[in-house]
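S.K.: The structure follows.
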Amino acid sequence: MIVDMRLRPPIPGFARSTLYQAGPKTSHPDFPVEPSVGQCSLPLLISEMDAAGVAVGVVPGRYSMEPFGIVSNDELATLFADHPGRFVGFMGLDLGWPMQRMLDEIDARVGTPGFRGVALEPTISADASFCGMNDKRLYPIYEACVKHGVPVSVTLSAVLQAFTKRPYEHSNPVQAYQVAIDFPSLDIVIAHAAYPWVMEMIGVCLTCPNVWLSPDLYLTNVFPGAQEYAKAAATYLPRRTLFGTGYPAKPFKPMIDAYAAWGWPQDVVAAILGGNAARLLRLADQ
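Mapping of the sequence shown onto our numbering: position 13 corresponds to residue 39, and the numbering continues sequentially without gaps.
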C-alpha cells in the first residue's frame, strides 16, 4: 500500500492558495504536474492516484499566512466523509485562537472519520508572534496529542519562509529537539524535512527516536543534499522515513519511481512508500 504523506487536493482552501497558481515558485520543470492540477479536478486526481497505485492521501489542515491561507477542518471533514479511507489527514489549528478553543477542536475531531493527528505551521502562522514549534505556548497542544495518542505534523522549510517573507532561520529543525525530549511519547512528523537544513534534520531524527523524517518532494536527486536524506533512510531511519509527493507540486508515478531509484532494499522501499505511514497513522484501524 502506498501512502502519500503530503497531498493537497483541489478542495477550495488549497485551490485558492498559491499552490495552484502557476509561476516560478510553484513550477517544477524537473517533473511536470499532473493534469488534475491545471483542471483543479478532484475526480481526475483520484484517477491519477489509482493509476499510480497511491491508496491513501494524507491531507494537512492549514491556518497560515498568505499566500497559503486557510484550509479549514470543516473542509477536511467533508473530503474525508465523501471519500472514506481514500483521504485522511491532520486537523489544522489557528494559533490565534484561545488555547481552550484549540484543545476543544482537538477533542472534537480526534476519533471522527479521517482525522489522524494535528498539523501546525508556527513559523508561518497568521499570528506572527510564533517563531517555532518549541514555543512553550504550544505545549498544551502536544499534551493533548499525547492524551489522544495521535501524532503532530509540523511543517518546516526555508521555502515557506521565503514565500511568506518570514525569517529564514525559523525553519531550522533544531527547534524540534526540545519538544521531542519534553514529549518522548509524542510522534513528531517534520513535513518537508526542514529542507534545506538537511544534516540538522537528520541529526534531530538520530537523537530523538520519536521524530519522523518526511522530506516529501525534496527526496529526489535533483535537490542538493537529498542524497543525505536517502542515506539516513537506508541506514538509521528506515522505519521513520515517509513518502510524499507534495502534490500539486509533484506527480505521483515519477515521485514513486524517484524514491525507489535510491537503491534501498525492497523491504525498506515498501516501508517508506507506505508501511511506515500506515503504522504511524494506524490505518489498519480505519
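Quick reminder that beta carbons are idealized off the backbone N, C-alpha and C, glycines included.
For the alpha helix (DSSP H) that contains M128, what are its first and last residues?
M.R.: Numbered from its first residue, the sequence shown carries residue 128 at position 102. M128 -> alpha helix (DSSP H) spans 125 to 135.
S.K.: Would you decide whether V248 is buried or exposed? Buried here means 16 or more other CB atoms lie within 10 Å of its CB.
M.R.: As a first step, residue 248 is located in the sequence shown; it is residue number 222 there, counting from the start. Looking at its Cβ environment, which holds fewer than 16 other Cβ atoms inside 10 Å, V248 is exposed.
S.K.: What residues in its chain sit with their C-beta under 8 Å from that of C234, if we drop five residues either side in the sequence?
M.R.: Counting from one through the sequence shown, the residue named residue 234 turns up at place 208. Only A202, Y203, A206, I207, I214 meet the Cβ criterion.
S.K.: Per DSSP, which residues does F141 bridge with? Please list them.
M.R.: As a first step, residue 141 must be located in the sequence shown, where it is residue number 115. F141 pairs with G115.
S.K.: Taking all protein chains shown into account, do 16 or more other C-beta atoms lie within 10 angstroms of the C-beta of G158, making it buried, or fewer, making it exposed?
M.R.: Against the sequence shown, residue 158 aligns to sequence position 132. Buried, because 16 or more other Cβ atoms sit within 10 Å of the Cβ of G158.
S.K.: Please go through the same chain and pick out, in chain order, the residues whose beta-carbon is closer than 7 Å to the beta-carbon of G122, but skip the five residues on each side of it.
M.R.: One-based indexing of the sequence shown puts residue 122 at position 96. Cβ neighbours of G122 beyond the five flanking positions: A152, D153.
S.K.: Is the CB-CB distance between A220 and D242 below 8 Å?
M.R.: In the sequence shown, the residue the question calls residue 220 occupies position 194. In the sequence shown, the residue the question calls residue 242 occupies position 216. No; because the gap between Cβ atoms is not below 8 Å, this pair is not in contact.
S.K.: In whole angstroms, what is the alpha-carbon distance linking T138 and T104?
M.R.: Here residue 138 corresponds to residue number 112 of the sequence shown, with the count starting at 1. Here residue 104 corresponds to residue number 78 of the sequence shown, with the count starting at 1. Looking at the two C-alpha atoms, the distance is approximately 11 Å.
S.K.: Here's a check: name, in chain order, each residue in its chain whose Cβ is nearer than 6 Å to the Cβ of M281, leaving out the five neighbours to either side.
M.R.: One-based indexing of the sequence shown puts residue 281 at position 255. Within the same chain, M281 has close Cβ partners T271.
S.K.: Ordered along the chain, which non-local residues of its own chain (more than five positions away) have a Cβ less than 7 Å from that of V224?
M.R.: Looking up residue 224 in the sequence shown gives position 198. G251, E254, Y255.
S.K.: Starting from the Cα of E74, find the closest Cα among D108, V172, P61, L306 and give me that residue.
M.R.: Start at 1 with the first residue of the sequence shown, and residue 74 comes out as number 48. E74 has its Cα closest to that of P61, out of D108, V172, P61, L306.
S.K.: Would a C-beta distance cut-off of 8 Å place V176 and G143 closer than the cut-off?
M.R.: In the sequence shown, residue 176 corresponds to position 150, counting from 1. In the sequence shown, residue 143 corresponds to position 117, counting from 1. Their beta carbons are under 8 Å apart, which means V176 touches G143 by this criterion.
S.K.: Pull up the distance between the alpha-carbon of L33 and that of V84, whole angstroms please.
M.R.: Taking the first residue of the sequence shown as 1, we reach residue 33 at position 7. Taking the first residue of the sequence shown as 1, we reach residue 84 at position 58. If I take the Cα positions, the gap works out to 6 Å.
S.K.: From D293 to F278, what does the alpha carbon distance come to, in whole angstroms?
M.R.: Position 267 of the sequence shown holds residue 293. Position 252 of the sequence shown holds residue 278. Cα to Cα, the separation comes out at about 20 Å.
S.K.: Ordered along the chain, which non-local residues of its own chain (more than five positions away) have a Cβ less than 8 Å from that of P86?
M.R.: One-based indexing of the sequence shown puts residue 86 at position 60. Hits under 8 Å: R32, R34, V97, G115, F116, G118, A145, S179, T181, A217.
S.K.: My assumption, with CB atoms under 8 Å, is that A297 sits in contact with P264. Please give the rounded CB distance.
M.R.: As a first step, residue 297 is located in the sequence shown; it is residue number 271 there, counting from the start. As a first step, residue 264 is located in the sequence shown; it is residue number 238 there, counting from the start. Taking C-beta atoms under 8 Å as the contact rule, A297 and P264 qualify, at a distance of about 6 Å.
S.K.: Give the DSSP-derived three-state secondary structure of L224 in the structure shown.
M.R.: The residue you call residue 224 lines up with position 198 of the sequence shown. The question names Leu, but residue 224 in the sequence shown is Val. Looking at V224 - three-state DSSP - the assignment turns out to be helix.
S.K.: Buried or exposed: where does G301 fall if 16 or more other Cβ atoms within 10 Å of its Cβ makes it buried?
M.R.: By one-based count along the sequence shown, residue 301 stands at place 275. Around the beta-carbon of G301, 16 or more other beta-carbon atoms lie within 10 Å, marking it buried.
S.K.: Can you name, in chain order, every residue of its own chain whose Cβ lies under 6 Å from the Cβ of D120, other than the five neighbours on each side?
M.R.: Here residue 120 refers to the residue found at position 94 when the sequence shown is read from its first residue. Cβ neighbours of D120 beyond the five flanking positions: Y89.
S.K.: So who's on the other strand from G83, going by DSSP bridges?
M.R.: In the sequence shown, the residue the question calls residue 83 occupies position 57. BP columns for G83 point to D30, F113.
S.K.: Quick one, are the C-beta atoms of L299 and I28 less than 8 Å apart?
M.R.: Within the sequence shown, residue 299 is the residue found at index 273, counting from 1. Within the sequence shown, residue 28 is the residue found at index 2, counting from 1. At a Cβ-Cβ threshold of 8 Å, L299 and I28 count as neighbours.
S.K.: DSSP on T104, reduced to helix/strand/coil?
M.R.: One-based indexing of the sequence shown puts residue 104 at position 78. Helix at T104.
S.K.: Could you work out which residue in A81, G111, R305, G140 is closest to D336 when comparing CA atoms only?
M.R.: Nothing about residue 336 can be read from this structure; the chain reaches only from 27 to 312.
S.K.: To the nearest angstrom, how far is the alpha carbon of I167 from that of F209?
M.R.: In the sequence shown, the residue the question calls residue 167 occupies position 141. In the sequence shown, the residue the question calls residue 209 occupies position 183. Approximately 11 Å between the Cα atoms of the pair.
S.K.: Bridge partners of V237, per DSSP?
M.R.: For the purposes of this step, residue 237 is taken as the residue at position 211 of the sequence shown. I214.
S.K.: So, at 7 Å on beta carbons, what are the nonlocal neighbours of L129 in its own chain, with the 5 sequence-adjacent residues on each side left out?
M.R.: As a position in the sequence shown, residue 129 is number 103, starting the count at 1. Within the same chain, L129 has close Cβ partners P166, A170.
S.K.: Distance, Cα to Cα, I150 vs A184?
M.R.: Counted from its first residue, the sequence shown places residue 150 at position 124. Counted from its first residue, the sequence shown places residue 184 at position 158. Going by the C-alpha atoms only, they are around 11 Å apart.
S.K.: With DSSP run on the structure shown, which of helix, strand or coil describes T261?
M.R.: On the sequence shown, position 235 is the one that residue 261 refers to. DSSP places T261 in helix when its eight states are reduced to three.
S.K.: Looking at L239: is its Cβ nearer than 8 Å to the Cβ of A259?
M.R.: On the sequence shown, position 213 is the one that residue 239 refers to. On the sequence shown, position 233 is the one that residue 259 refers to. It is a contact, given that the beta carbons lie within the stated cut-off.
S.K.: Starting from T190, trace the alpha helix (DSSP H) in both directions and tell me its first and last residue.
M.R.: For the purposes of this step, residue 190 is taken as residue 164 along the sequence shown, with counting starting at 1. Here the alpha helix (DSSP H) through T190 covers 184 to 190.
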